[in-house]
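Residue 36 is where the sequence shown starts when you use the numbering used here, and the numbers rise one by one after that. Cβ coordinates follow ideal geometry from the N, Cα and C atoms, glycine included. Quantities reported herein were computed from a predicted structural model and do not represent experimental measurements.
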Amino acid sequence: MTNKIEKNLKFWGHNCFSIESNKTLLITDPWFSKSGAFFGSWFQYPKNHNLQDDILNLINIYDDVNIFISHEHQDHYDKRFLSKVRKDATILIPSYKDKFFKNDCSSLNLKVIEIKDTEKVYLNKHFWVKPYISHIGINHDSALLIATDEFNFFNQNDCKIFDRLKEINEKIDYYSVQFSGATWHPSNFILSSKRKKEISSEKVANKLNSVLRGVSELKPKYFLPAAGPAIFPYLEDNLSYGIDNIFIHQNYLNDYLKNNSINNTLYLEPGAYLDDNRIKPIEPPSCLKQIEEYKKDTIDIWQQLDITFDRSLLEKSIIERLERIQDIDIINAPVLIFNFANKFDNKDYLNKNKIFIDLSNKKILTSFEYNLPFEEIMAEKKYFALMHSDERWQNVYLSLRAKVLREPDIFNNDLNMFLFSDVENIRENFILTHNISNERVEIKNKNGEIFEINRYCPHNGADLCNAEINSDNYLICPRHGWKFDLNNKGVDKLSKTSINSRKLS
Ligand code: FES
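Written out as structure tokens, the structure reads:
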């Protein structure tokens, strides 16, 4: 016997939910496109394309329609879908410091309203929303607290503000957060398969640990995993299976939650209302045949791209960015290499099929002898052609259609910011990240020892006051899981950054 738990909250796939209350409709992050996201690399799983007409019909029933878009990534901000929405709907977006998203939304010809961090906005007398915004450097994202007379729903989607959950005083009935990975590391990196598995399992463990912290902190009546996983039908098929990579599926999450005594998870299929029968995780595709089946009514955007590579235009884009950060001190950044020969060959040290970028001195080099640290991105010319067109560089990298070789294998925050910024925001991103406050705080580990540390994480400025310290005396950042070794001056060994820890007693 199935009991419908909530008749006014419906799941539509990925991070899309509809909430109906007193003649008002709210929809979050509708993503229905048949061409996926990031140049046809990421696709909704399970498929929800067949529901597009249903949600448009629902939109047409209501007089008051609000669509909240959490951030600009294409799996949350589906412009093709939004172009079909009736023109009197209101788009609600977080008020990010960087106005790229707001400006881009203007092209939709819909009314766009920005909401500030923790600003409570009433959609009607009984229905309000409040965003929690994270915006520093290249990371823009937001969570949304949704309150009706019947329930409170905290939709954290892929926003990593685990360090801010203590600010939420409302009792949470439903909680949703991303549990599967969403970056190009390590899947696109040239590493041994053993090392890839190690990195992936560490990243997955961090992510699941964050989910567990969220559930433990908010104590929802029900946990609703969402905002992933995606599948990748046009890329290497093993990415879609969720095995030995960061793109895990619900079966993996379910085992983890059960092992940690979390038994209130509902696994919703697209198109489902909440009911207490939905306790079985959705299995990933299990074979190539299923992936081929999935492809049938999708569009392969990558194949259809008709774009010509022009080296001088790419150099111009690089130089434009370097000029914007000319006076910013960048120390010890690896040499960044764009390789359009589509093969790795470090004997090829001249610049025929490569561009060598010296970030520290803000210039393009004529040659590089591979005798210093470097990070090399290798892809077909079409990929680099996108980078000199109007496309955002981060969308190109998120296509996952490059291979990356970095030696040594150390994450560099400056290089990452250079890669993932737009021309318009690159300067601001560097300034904000280089000026993360170095306020000091005292923290206590499990043995009662007291350490003084930098309060804010050097990566993206998470507040470390409430960070977990594990039994090996590593402080784990609540946002992306960097591990700072309190026994070794607070250094994170993967990025070589530090929170300058000092033992007090
Ligand atoms: S903010 Fe990203 S690891 Fe700390």
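Report, in whole angstroms, the separation of the C-beta atoms of V239 and I281, which I expect to be a contact under 8 Å.
-> Here residue 239 refers to the residue found at position 204 when the sequence shown is read from its first residue. Here residue 281 refers to the residue found at position 246 when the sequence shown is read from its first residue. Confirmed, about 6 Å.
For R514, is the beta carbon positioned less than 8 Å from some heavy atom of the ligand FES?
-> Here residue 514 corresponds to residue number 479 of the sequence shown, with the count starting at 1. Correct: R514 has its Cβ closer than 8 Å to the ligand FES.
So does C51 have its beta carbon nearer than 8 Å to some heavy atom of the ligand FES?
-> As a working mapping, residue 51 is identified with position 16 in the sequence shown. Not under cutoff, so the answer is no.
In the DSSP assignment, find the unbroken alpha helix (DSSP H) run with Q213 in it and report its ends.
-> Here the question's residue 213 lines up with position 178 in the sequence shown. Where Q213 is concerned, there is no enclosing alpha helix (DSSP H), given that its DSSP letter is neither H nor E.
6 Å CB neighbourhood of R346 in its chain, flanking five on each side removed = Along the sequence shown, one-based indexing puts residue 346 at 311. Answer for R346: no residue qualifies.
When you compare each of S222, A262 and P320 to L303 by their alpha carbons, which one comes out closest?
-> As a working note, residue 303 is residue 268 in the sequence shown. If we check each option's Cα against that of L303, A262 comes out closest.
Does the distance from the CB of N430 to the CB of F78 come in under 9 Å?
-> As a working note, residue 430 is residue 395 in the sequence shown. As a working note, residue 78 is residue 43 in the sequence shown. No. Outside cutoff.
Please name the residue in L440, H84 and F162 whose C-alpha comes closest to that of T59.
-> The residue you call residue 59 lines up with position 24 of the sequence shown. Per the Cα distances, F162.
With DSSP as the reference, label W163 as helix, strand or coil.
-> Translated into positions along the sequence shown, residue 163 becomes position 128. DSSP places W163 in strand when its eight states are reduced to three.
Hey, how far is the Cα of I126 from the Cα of K119?
-> Position 91 of the sequence shown, counted from the start, is the residue given in the question as residue 126. Position 84 of the sequence shown, counted from the start, is the residue given in the question as residue 119. Each residue's Cα considered, the two are about 13 Å apart.
Span of the beta strand (DSSP E), counted from its first residue to its last, around L440 = Locating residue 440 in the sequence shown gives position 405, where the first residue counts as 1. K438 to E442 is the span of the beta strand (DSSP E), which, as asked, contains L440.
Using the rule of at least 16 other Cβ atoms within 10 Å of the residue's Cβ for burial, across every protein chain shown, is R514 buried or exposed?
-> In the sequence shown, residue 514 corresponds to position 479, counting from 1. Burial call: buried.
My understanding is that K256 touches Y209, with C-beta atoms under 8 Å, so please give their C-beta distance in whole angstroms.
-> Locating residue 256 in the sequence shown gives position 221, counting from the first residue. Locating residue 209 in the sequence shown gives position 174, counting from the first residue. Contact flag correct, Cβ pair sits at about 7 Å.
Residue closest to N473, alpha-carbon to alpha-carbon, out of K330, G496, N451 and E484 | Locating residue 473 in the sequence shown gives position 438, counting from the first residue. Residue G496 is the option with its Cα nearest to N473.
Residue(s) in a DSSP beta bridge with K146 | Here residue 146 is taken as the residue at index 111 of the sequence shown, counted from 1. The partner list for K146 (beta bridge, DSSP) reads T125.
Run the proximity test for W517: is its beta-carbon closer than 8 Å to any non-hydrogen atom belonging to the ligand FES?
-> Counting from 1 along the sequence shown, the entry for residue 517 is found at position 482. Yes, the beta carbon of W517 sits closer than 8 Å to at least one heavy atom of the ligand FES.
Burial state of G249, where buried means 16 or more other Cβ atoms lie within 10 Å = Taking the first residue of the sequence shown as position 1, residue 249 is located at position 214. Per the 10 Å Cβ criterion, buried.
Rounded to the nearest angstrom, how far is the Cβ of L180 from that of F186, given a contact under 8 Å?
-> In the sequence shown, the residue the question calls residue 180 occupies position 145. In the sequence shown, the residue the question calls residue 186 occupies position 151. That pair is no contact at about 11 Å.
Measuring CB to CB, does F103 end up less than 9 Å from H84?
-> In the sequence shown, the residue the question calls residue 103 occupies position 68. In the sequence shown, the residue the question calls residue 84 occupies position 49. Not closer than 9 Å, so no.
Would you list the residues sitting across from F52 in a DSSP beta bridge?
-> In the sequence shown, the residue the question calls residue 52 occupies position 17. Partner(s): F46.
For V370, the first and last residue of its enclosing beta strand (DSSP E) = Position 335 of the sequence shown holds residue 370. Residues V370 to N374.
How many whole angstroms separate the CB atoms of W337 and Y269, which I take to be in contact at a CB cut-off of 8 Å?
-> As a position in the sequence shown, residue 337 is number 302, starting the count at 1. As a position in the sequence shown, residue 269 is number 234, starting the count at 1. The Cβ separation is near 6 Å, so the contact holds.
Pick from F453, N501, R313 and L529 that is closest to V172, judged by C-alpha positions = Numbered from 1 along the sequence shown, position 137 holds the residue referred to as residue 172. Here residue 172 turns out to be Gly, not Val, going by the sequence shown. The shortest C-alpha separation from G172 is found at F453.
S352 to A502, Cα distance in whole Å?
-> Here residue 352 corresponds to residue number 317 of the sequence shown, with the count starting at 1. Here residue 502 corresponds to residue number 467 of the sequence shown, with the count starting at 1. So the alpha carbons of these two residues sit roughly 39 Å apart.
Could you name the residues of the same chain whose beta carbon sits closer than 6 Å to that of Y276, not counting the 5 residues immediately before and after it, in chain order?
-> Translated into the one-based positions of the sequence shown, residue 276 becomes position 241. Only P319 meet the Cβ criterion.
Segment contact flag, the segment 403-415 with the segment 372-379, C-beta cutoff 8 Å, min 3 pairs = yes
With DSSP run on the structure shown, which of helix, strand or coil describes D152?
-> Locating residue 152 in the sequence shown gives position 117, where the first residue counts as 1. In the structure shown, D152 sits in coil (DSSP, three-state: anything other than H, G, I, E or B).
Is the beta carbon of D176 less than 9 Å from the beta carbon of S76?
-> Here the question's residue 176 lines up with position 141 in the sequence shown. Here the question's residue 76 lines up with position 41 in the sequence shown. It is not a contact, given that the beta carbons lie outside the stated cut-off.
Closest residue to I283 among K232, K330, L301 and Y308 (Cα-Cα distance) | As a first step, residue 283 must be located in the sequence shown, where it is residue number 248. Of K232, K330, L301 and Y308, the residue nearest in Cα terms is K232.
What span of residues does the beta strand (DSSP E) with I399 cover, start to end?
-> Within the sequence shown, the letter at position 364 stands for residue 399. Residues K398 to L400.
Please report how far the alpha carbon of L394 lies from the alpha carbon of F403, in whole angstroms.
-> The residue given as residue 394 occupies position 359 in the sequence shown. The residue given as residue 403 occupies position 368 in the sequence shown. Distance between the alpha carbons of L394 and F403 is about 13 Å.
Out of F224, G516, E358 and V526, which has the shortest C-alpha to C-alpha gap to A437?
-> Translated into the one-based positions of the sequence shown, residue 437 becomes position 402. Comparing alpha-carbon positions, the option among F224, G516, E358 and V526 lying closest to A437 turns out to be F224.
In terms of DSSP beta bridges, what is H170 paired with?
-> Along the sequence shown, read from residue 1 onward, the residue named residue 170 stands at position 135. Paired residue(s): H175.
Nearest to K206 by CA position, among N381, I390, K254 and G516, is which residue?
-> Locating residue 206 in the sequence shown gives position 171, counting from the first residue. It is K254 whose Cα lies nearest to the Cα of K206.
Which stretch, first to last residue, makes up the alpha helix (DSSP H) that contains I478?
-> Within the sequence shown, numbered from 1, the residue matching residue 478 stands at position 443. For I478, there is no enclosing alpha helix (DSSP H); the residue is found in the beta strand (DSSP E) stretching over R475 to K479.
Span of the alpha helix (DSSP H) holding A240?
-> Taking the sequence shown and counting its residues from 1, the one referred to as residue 240 is at position 205. A240 -> alpha helix (DSSP H) spans S228 to L253.
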